[in-house]
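Every letter in the sequence shown is one number past the one before it in this note's numbering, and letter 30, counting from 1, is 40.
Think of the CB as a built atom: it goes at the ideal place given N, C-alpha and C, for glycine as much as any other residue.
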Amino acid sequence: MSNTSINEKLCPLCNQPNNCHMHQTEAGECWCIAVTIPQELLDQIPEYLKNKACICKTCVDNFNTKNK
């Protein structure tokens with residue numbers, strides 16, 4: 011386990027804002043509802059961040075582009 015603090019607003023892969031609506035004050039549907047996040051990408055999340063912070067759309071798009 012890491013002693014690093016967890017910021018649920020940052021992507022666990024690139025540390026950029028993940029724009030997750032679950033952690034924002036404005037209501038609305040999150041971007042991730044309309045996409046499938048591959049298990050291979052989810053497996054890249056460090057163990058201590060799994061189910062704690064959402065992957066950003068850029069990381070999902072980059073992964074999908076590289077793995078077409």
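Proximity of residue i and residue j at Cβ, strictly below 8 Å
i   : j   : result
Q41 : N25 : The sequence shown places Trp at residue 41, not Gln. In this structure, N25 does not lie closer than 8 Å to W41 by Cβ.
E39 : H31 : yes
L51 : F73 : yes
Beta-ladder partner(s) of residue i, from DSSP
i   : result
L20 : P27
Cβ separation of residue i and residue j, assumed to be a contact under 8 Å, to the nearest whole Å
i   : j   : result
P56 : P27 : Not confirmed; about 18 Å, so no contact.
I43 : I65 : Not quite, the Cβ-Cβ distance comes to about 14 Å (not below 8 Å), so this is no contact.
Chain C within 8 Å of residue i, Cβ atoms only
i   : result
A44 : Protein chains in the displayed structure number just one, and chain C is not present.
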